[in-house]
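Here the structure is laid out as structure tokens; the discussion comes afterwards.
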Amino acid sequence: MSDALDYATWAEALREGRLLGLACGCGHTNGSPTGACPHCGSRDFERVELPTEGVVHSETTIQVPPSTFEERGYQVVVVEVGEAKVMGRVDGDGVAIGDEVRLSGVVAEDDGNPAPRFEAI
Amino acid sequence: MARAAVVGAGMTKFGVHEQPLQELFGEAAFAALDDAGVESRDLDALYFGNAMSGQAENETHLGPRMASHIGAAGLEVQRFEDACATSANAFKNAVQAVDAGVHDVVLVGGVERCTPETGKDTPEMTRIFASASHRQYEQPTGLTFPGVFALLTKRHMHEYGTTEEQLAEVAVKNHAHGRLNPRAHFGKETTVAEVLEGPVVADPFRLMDCCPFSDGASAVVVTSDDLADSYDAPVDVTGVGHATDVVPIGDKTSLTATQAARDAAAQAYEQADIEADDADFAEVHDCFTGAEILASEAIGFAPDGEGGTYAAEGRTSLGGDRPINPSGGLKAKGHPIGATGTAQIVELTEQLRGTVGERQVTDADVGVAHNLGGDAATTVVSVLEGRA
């Protein structure tokens, strides 16, 4: 039986400081909710609690933001959290690929939709 | 046997245009029809691409309006939206239709306005473009499209040692090519030093690493293989591959592979019965300099990790052994989103006919087009060949 994870549940957990993902029998752990595994098509997932500490997989600092974001110069990161990767922001002076970060809260500048916020360890 | 043939090609200059969408599209469509010697009433269908004019100009349901404007009201019209891969997807569906015998003669094309002529400034248009990223798992971070390709490129730099100078070399090359293309948005050369002095948009990309916001339209006339010889200058379509990759970026297996492009290229090459080395040149989706490096590796023009080196050594320049973007690419020719895919087909057609003048690829017999949409989520790869 599918151990489903929807957006509302993922977002609520994120606001509480937890990262939820979906581990699939094919070996992929997905960092975002999805209806079936994008890698193999299986709906037979296990909902998993992802680590809230991880390693920066890639990063960039946005100097020309969309109109809905007021401040420029924020750093967007893809972070390896256990077997999954999630996209978020990093506060502070900036991190590089390979640096360790931990979940520190949410960014909610886009109509209140949360994105993971990380800080350097 | 070819899957289809392109028998007419036309496009507007890419740049800043005041005309309404239908007039812009009409200019490209009439040029393609005239090139083919086809009248609007001879068409069986229109395969039409437009990505975001609903958001940018409050204009939707454009298909019948385009058909009416070109004197083909009543025509069956399909409209495609696949972010930046919009009109390549239209082209793929047109090729399938004539290949399957559904239609004999079709028009394929796209139009878009992205400059401030739309009334939208850079922050607003940046937001509209970002709508092609994941609404829940990417957009709330403040991700932009320069940011999408910056994330992919930064990882490539980390894994392979690709440098900012190599990225700049792509811009220098494509501006040099674009200067030879009278339909290009930019007609001016640049230097590595000039690129590296520009303001940062999303590191590692500076202003000159990024394609411009452009307005424009492009169109081609496509017929079945067995009808092609009744036209003056047919070019064969021998393969079209189309694949998608996992969305969002975090769940992709690799940030540097652009897997959809690899899958689409494999399909297209298999249909055409060629290897990447058999292709004489490619038009690839260089929305950012780093995107061209990833694309050159994904379609097999450079080994993995060596796309930057190939650009810096001039191997992907006109006159090099693996020429890429002789038109100037999106970087210099411009990128009116929904018009870009068929504009690549226009360049392939004219290169294979040998009619592009100073930017002609020597002995061009096989050309490849790579059109990418979204966060590397969609890619269409087409193979065109001179008709024997």
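Residue numbers (our numbering), protein chains in the order written: chain L, 11 to 131; chain X, 266 to 653.
Positions of the beta carbon are idealized from the N, C-alpha and C atoms, including for glycine.
Item, Value
"State buried or exposed for Ser42 (chain L), treating a residue as buried only when at least 16 other CB atoms are found within 10 Å of its CB.", "buried"
"Please work out which residues of its chain come closer than 6 Å, Cβ to Cβ, to Val511 (chain X), disregarding the five sequence neighbours upstream and downstream, and give them in chain order.", "Lys517"
"Alpha carbon to alpha carbon, what distance is there between Ser495 (chain X) and Ala604 (chain X)?", "27 Å"
"Thr62 (chain L) CB to nearest chain X CB: under 7 Å?", "no"
"Have a look at Arg618 (chain X) and Pro329 (chain X) and give me their C-alpha separation to the nearest angstrom.", "32 Å"
"Could you check whether Glu110 (chain L) and Thr39 (chain L) sit closer than 7 Å to each other, using their CB atoms as the reference points?", "no"
"What did DSSP end up calling His38 (chain L) once you bin it into helix, strand or coil?", "coil"
"Please state the DSSP three-state secondary structure of Gly622 (chain X).", "helix"
"Against chain L, does Ala556 (chain X) count as a neighbour if the rule is that its beta carbon must be under 7 Å from one of theirs?", "no"
"Kindly say whether Ser52 (chain L), judged by its beta-carbon, lies nearer than 7 Å to any beta-carbon of chain X.", "no"
"Cβ of Ala251 (chain X) less than 7 Å from any chain L Cβ?", "The question about residue 251 (chain X) has no answer, for chain X in this structure spans 266 to 653."
"His423 (chain X) touches chain L at which residues, Cβ-Cβ below 7 Å?", "Ile107"
"On the criterion of 16 or more Cβ atoms from any shown chain inside 10 Å, does Cys34 (chain L) qualify as buried, or is it exposed?", "buried"
"Once DSSP output is grouped into helix, strand and coil, what is the label at Val86 (chain L)?", "strand"
"Reducing DSSP to helix, strand and coil, say where Ser496 (chain X) ends up.", "Note that residue 496 (chain X) is Tyr in the sequence shown here, rather than Ser. In this structure, Tyr496 (chain X) counts as coil in the three-state DSSP scheme."
"At the level of alpha carbons, what is the spacing between His334 (chain X) and Glu288 (chain X)?", "8 Å"
"As a quick exercise: from X:Ser479, X:Thr521, X:Pro477 and X:Ala355, pick the residue whose alpha carbon is nearest that of Ala573 (chain X).", "Checking the sequence shown, residue 573 (chain X) turns out to be Gly, not Ala. Taking only the C-alpha atoms, the option nearest Gly573 (chain X) is X:Thr521."
"Rounded to the nearest angstrom, what separates Ile558 (chain X) and Val505 (chain X) at their Cα positions?", "21 Å"
"Can you give, in chain order, each stretch of the beta strand (DSSP E) that sits fully within the stretch 455-538 of chain X and has at least 3 residues?", "465-467, 480-488 and 500-509"
"Can you check whether the C-beta of Gly224 (chain X) is within less than 7 Å of a C-beta belonging to chain L?", "Because chain X in this structure spans residues 266 to 653, residue 224 (chain X) falls outside the shown range and cannot be described."
"Based on Cα-Cα distance, which residue from X:Ala563, X:Asn323 and X:Thr406 lies nearest to Glu548 (chain X)?", "X:Ala563"
"Excluding sequence positions up to five away, which residues of its chain have a Cβ less than 6 Å from the Cβ of Gly570 (chain X)?", "Tyr425"
"Closer than 7 Å by C-beta to Leu340 (chain X): which residues in its own chain qualify, once you throw out the five before and the five after it? Chain order, please.", "Leu308, Ala310, Leu311 and Ala332"
"Nearest-angstrom Cα distance between Ala353 (chain X) and Val100 (chain L)?", "37 Å"
"Candidates L:Leu32, L:Glu69 and L:Ser68: which alpha carbon is nearest Asp54 (chain L)'s?", "L:Leu32"
"Check for me: the beta strand (DSSP E) holding Gly98 (chain L) runs from which residue to which?", "Ala94 to Val100"
"Please list the partners that Thr406 (chain X) has in chain L, where partner means a Cβ-to-Cβ separation under 7 Å.", "Val86, Met97, Gly98, Arg99, Val117 and Ala125"
"Please classify Asn446 (chain X) as buried or exposed, where buried requires at least 16 neighbouring CB atoms within 10 angstroms.", "buried"
"Using a Cβ cut-off of 7 Å (strictly closer), state whether Gly41 (chain L) contacts chain X.", "yes"
"At the 7 Å Cβ level, is Asp120 (chain L) part of the contact set with chain X, yes or no?", "yes"
"My assumption, with CB atoms under 8 Å, is that Ala634 (chain X) sits in contact with Thr523 (chain X). Please give the rounded CB distance.", "Between Thr523 (chain X) and Ala634 (chain X) the Cβ distance is about 15 Å, and since that is not below 8 Å, they are no contact."
"DSSP state of Asn123 (chain L), grouped into three classes?", "strand"
"His326 (chain X): buried (16+ other C-beta within 10 angstroms of its C-beta) or exposed?", "exposed"
"Whether or not the stretch 279-293 of chain X and the stretch 345-352 of chain X are in contact is what I'm after, with contact meaning three or more pairs of Cβ atoms, one per stretch, closer than 8 Å; do they touch?", "no"
"Quick one: is Ser114 (chain L) near chain X, going by C-beta distance under 7 Å?", "no"
"Tell me the rounded alpha-carbon separation between Leu472 (chain X) and Lys95 (chain L).", "29 Å"
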